[in-house]
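Beneath this line is the structure, given in structure tokens, with notes to follow.
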Amino acid sequence: MLRLDHIAVAGETRQAATDFVQNFMQVAPLAAGQHPHFSTHNHLWGMGEACYLESIAIDPEAPSLTYPRWFGLDRFSGPPRIASWILATDNIQESLARLSPEFGTPVRLERGAYTWDISVSDTGDLPFGGYGPALIEWQPPAHPCQNLPDSGCRLISLQVQHPQADQMQALLAELIGDERIWFSTGPAQISAEIQTDHGLVTLK
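Add 148 to a position in the sequence shown, counting from 1, and you land on the number used in the working numbering.
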């Protein structure tokens, strides 16, 4: 079954995305990293044993690419917002075989102790106009949450609102085993309810 692994908040710069998250959660980022394959960089917040949040943006000091970046970051503009929700799977090939081609194909990435496969389309865009999920399979034994300090924040729910929410839910219903994920019909938007030491906040 697919389960929520992490949420990606994008910004035109990493600092803008990080400030946006920190303003809501009132917790400074707990780790930072780079993704050389996609020329991006991020900050991380642990949210329990198997869930985390990242702020992510194009790394201005990294080389330019001849292929698209993930999460549609090549076309990202405007204020920081949730750009992707990423579902963990134990077998990414099998999971993608049950979905439509727009979900992409696995790309193998490595950073330090971590190795993972993540679904990326040929255009770098996510399904359902950028509001569908990416899939990720972490290669054992390491997952970021094992070493990432805990922010004390917890994800309560992830709400995916979209004009085609019924179609998205029908496609994913038999695969998702995470009761925190909800779908609703309306203007496209992803929002996350997060419990913090300062109360319940909603990231969009």
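Each residue gets a CB set at the ideal place from its N, CA and C atoms; glycine is no exception.
Source: prediction; values computed, not measured.
- Distance from the CA atom of D167 to the CA atom of E197, rounded to whole angstroms, is 24 Å.
- DSSP places P254 within a strand segment (E or B) once states are collapsed to three.
- Counting the other CB atoms within 10 Å of its CB gives G280 a total of 16 or more, which places it among the buried residues.
- In this structure, the beta-carbon distance from H189 to Q182 falls below 8 Å.
- Setting aside the 5 residues that flank it on each side, G334 is surrounded in the same chain by Q309, each with a C-beta closer than 6 Å to its C-beta; the list follows chain order.
- For T350, DSSP records a beta bridge to E341.
- Check the Cα spacing between P211 and each of L235, F331, H185, R256: the tightest is with H185.
- Of the candidates I266, D238, A245, D238 places its Cα closest to the Cα of P288.
- Nearest C-alpha to I304 among T263, N171, I342, V169: I342.
- A distance below 8 Å between beta-carbons, with the five flanking residues on each side excluded, links Q174 to the following residues of its chain, in chain order: T344, D345, H346.
- Each residue's CA atom was taken as its position, placing A336 and P311 some 6 Å apart.
- Judged by beta-carbon spacing, F251 lies beyond the 8 Å limit of P216, meaning their Cβ atoms are not closer than that value.
- Under the three-state reduction of DSSP, S267 is assigned to strand.
- In the DSSP assignment, L274 falls outside any beta strand (DSSP E), carrying neither H nor E.
- The beta carbon of L152 is closer than 8 Å to those of C199, W233, I234, L235, A236, L303, L306, D326, R328, I329 in its chain, skipping five residues each way along the sequence.
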